[in-house]
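In terms of the numbering used here, the sequence shown has 169 at position 169, counting the first letter as 1, and numbering is strictly consecutive. Heads up, the thing below is written out as structure tokens.
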Amino acid sequence: MIDLAIIGGGPAGLSAGLYATRGGIKNVVLFEKGMPGGQITGSSEIENYPGVKDIVSGMEFMEPWQEQCFRFGLTHKMAEVSKISKKDDVFYIHQADGSVDEAKAVIFAAGGRPKRSGVKGEDEYWGKGVSTCATCDGFFYKNKEVVVLGGGDTALEEAVYLSRICSKVYLVHRRDTFRAAPSTIEHVKQNDKIEIITPAVVEEIKGDASGVNAIVIKKTQSGEILTLNVLGIFIFVGYDVNTGILKQDDDSMLCECDAYNSIKVDLSMKTNIPGLFAAGDVRINAPKQVVCAAGDGATAALQAIAYLEHK
Ligand SMILES: Cc1cc2nc3c(=O)[nH]c(=O)nc-3n(C[C@H](O)[C@H](O)[C@H](O)COP(=O)(O)OP(=O)(O)OC[C@H]3O[C@@H](n4cnc5c(N)ncnc54)[C@H](O)[C@@H]3O)c2cc1C
Numbered sequence: 001m002i003d004l005a006i007i008g009g010g011p012a013g014l015s016a017g018l019y020a021t022r023g024g025i026k027n028v029v030l031f032e033k034g035m036p037g038g039q040i041t042g043s044s045e046i047e048n049y050p051g052v053k054d055i056v057s058g059m060e061f062m063e064p065w066q067e068q069c070f071r072f073g074l075t076h077k078m079a080e081v082s083k084i085s086k087k088d089d090v091f092y093i094h095q096a097d098g099s100v101d102e103a104k105a106v107i108f109a110a111g112g113r114p115k116r117s118g119v120k121g122e123d124e125y126w127g128k129g130v131s132t133c134a135t136c137d138g139f140f141y142k143n144k145e146v147v148v149l150g151g152g153d154t155a156l157e158e159a160v161y162l163s164r165i166c167s168k169v170y171l172v173h174r175r176d177t178f179r180a181a182p183s184t185i186e187h188v189k190q191n192d193k194i195e196i197i198t199p200a201v202v203e204e205i206k207g208d209a210s211g212v213n214a215i216v217i218k219k220t221q222s223g224e225i226l227t228l229n230v231l232g233i234f235i236f237v238g239y240d241v242n243t244g245i246l247k248q249d250d251d252s253m254l255c256e257c258d259a260y261n262s263i264k265v266d267l268s269m270k271t272n273i274p275g276l277f278a279a280g281d282v283r284i285n286a287p288k289q290v291v292c293a294a295g296d297g298a299t300a301a302l303q304a305i306a307y308l309e310h311k
């Protein structure tokens, strides 16, 4: 039986693997369906990880993480987990190829993905002017104009964040009302660096080899077309957490989750199920940053060590 199964090999899973193996747990298996590294490997640059002063691509940034973990004995099983269940104190890791492994404890770190809007040009300029994270990429647009697409809490909060860095933020939303907390809406309306364009849709993201250079917007009531010559667009149209594999045969979740299926944890990354920990973007209130996911992974591993010792 596996001592500790880690599901997901992004920053949270790899950091958990490092701390668990260095902490003396012998049989630690990382279930990762692809190459370890996680979402950040899709980013062309990361410059906000403390201690890494050069701007590097997400792929380059994550390469040493796996090397470091494997040196301390972490095993990578390249497998897609399809379900996790628990019976009589044993966790069952069901995999897409039909195999099942047993584990004494689990750290769940399967991350998530920002939803794509489907706008023309989004895929082409993803990471080259199209971003889903103001904290990650806002600084690249210091004193420049940007567009924010979306009408929920995240879109509005990120628009306010960007207004502190950028010279102007155009907030585009398809309805003329927002689905955000009234105080956040008020905050946006009173911010003179944010121009609200509603009801409107982004028709196309245009650019060239250097990245985005224009956003074409259609005002849906008048049909008027606006072309904004900006270098960046931030898209906030939702986020999918990869917690579907926690669903049980009776449709309940293995552990407590919130309305968006993010996993409820306490400050030590414990879920309500003994022996099951969650780390990184899958947990409630995750700041969705590499440094935070890594910290969660380390915290979860220390707790898993204590749990296994106690057992
Ligand atoms: C384009 C982009 C740019 C970003 N830029 C920055 C930045 O500049 N700075 C910053 O701090 N953060 C940035 N982020 C956010 C950062 O990448 C995430 O917060 C971080 O990767 C979360 O780590 P995680 O380990 O929780 O999850 P993830 O990185 O999502 O890793 C989860 C892993 O689990 C695996 N997995 C999922 N389901 C299964 C399954 N069923 N079976 C097996 N494996 C599975 C996935 O393949 C994945 O490798 C960016 C994100 C994106 C998308």
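We put the beta carbon where it would ideally sit given N, CA and C, even for glycine. Keep in mind it's a predicted model, so treat the numbers as computed, not measured.
If the criterion is Cβ atoms closer than 7 Å, does the pair residue i and residue j meet it?
i	j	result
A109	A12	yes
A181	V169	no
I245	V81	yes
K120	E204	yes
T220	A200	yes
G73	T21	yes
I217	L149	no
I55	A304	no
I273	C255	yes
L171	I194	yes
E122	V230	no
S117	V237	yes
For residue i, which of the options has the nearest alpha-carbon?
i	options	result
N143	Q68, C166, R113 and L308	C166
Y19	A300, I2, A259 and G51	A300
D249	T271, H94 and M35	H94
M59	G211, G10 and S99	G10
A105	T243, D240, K115 and N27	N27
A279	G238, V202 and M269	M269
L226	N261, V147 and D266	V147
S15	V291, V230 and V52	V291
G207	D266, S222 and G232	G232
E224	N213, I197 and Q39	I197
I385	D89, L30 and D137	A query on residue 385 cannot be resolved here, the shown segment of the chain reaching from 1 to 311 and no further.
G17	K311, D296 and Y260	D296
F139	A79, S117, S163 and N261	S163
S271	Y307, Q190 and P64	According to the sequence displayed, residue 271 carries Thr and not Ser. Checked all of Y307, Q190 and P64; the closest Cα to T271 is Y307.
Q289	Y260, A134, R174 and A79	A134
D251	S85, H76, V90 and A294	S85
E63	M35, T75, H76 and G129	M35
E45	D89, I25 and G129	G129
Output the distance between the C-alpha atoms of residue i and residue j, rounded to the nearest integer angstrom.
i	j	result
Y49	L276	28 Å
S210	E124	12 Å
Q66	G37	8 Å
Q68	F61	13 Å
I2	I215	51 Å
D192	K115	29 Å
I7	E32	6 Å
F70	N213	42 Å
I284	V265	7 Å
S183	G152	13 Å
V202	M253	36 Å
V100	Y92	6 Å
Q190	R113	31 Å
R175	S222	14 Å
T243	A259	12 Å
R179	A298	35 Å
On the premise that residue j lies in contact with residue i, defined as a C-beta separation below 8 Å, what is that separation, rounded to the nearest angstrom?
i	j	result
S43	G127	6 Å
I4	A103	The amino acid occupying residue 4 in the given sequence is Leu; Ile does not appear at that position. The Cβ separation is near 7 Å, so the contact holds.
V188	V241	About 26 Å separates the two Cβ atoms, so there is no contact after all.
G23	L267	With a Cβ gap of about 19 Å, G23 and L267 do not count as contacting.
Taking CB distances under 7 Å as the criterion, tell me whether residue i reaches chain C.
i	result
G10	Note that chain C does not occur in the displayed structure, where there is just one protein chain.
Completely contained alpha helix (DSSP H) runs for the stretch 172-225, where each covers 4 or more residues: 182-189
- prompt: What beta strand (DSSP E) runs, 3 residues minimum, are completely inside the stretch 37-75?
  reply: none
- request: Note down, one range per segment and in chain order, each beta strand (DSSP E) of at least 3 residues found wholly within the stretch 214-283.
  value: 225-228, 232-235, 239-241 and 276-278
- request: Enumerate, from N- to C-terminal direction, the unbroken alpha helix (DSSP H) stretches of 4 or more residues contained entirely within the stretch 88-153.
  value: 134-137
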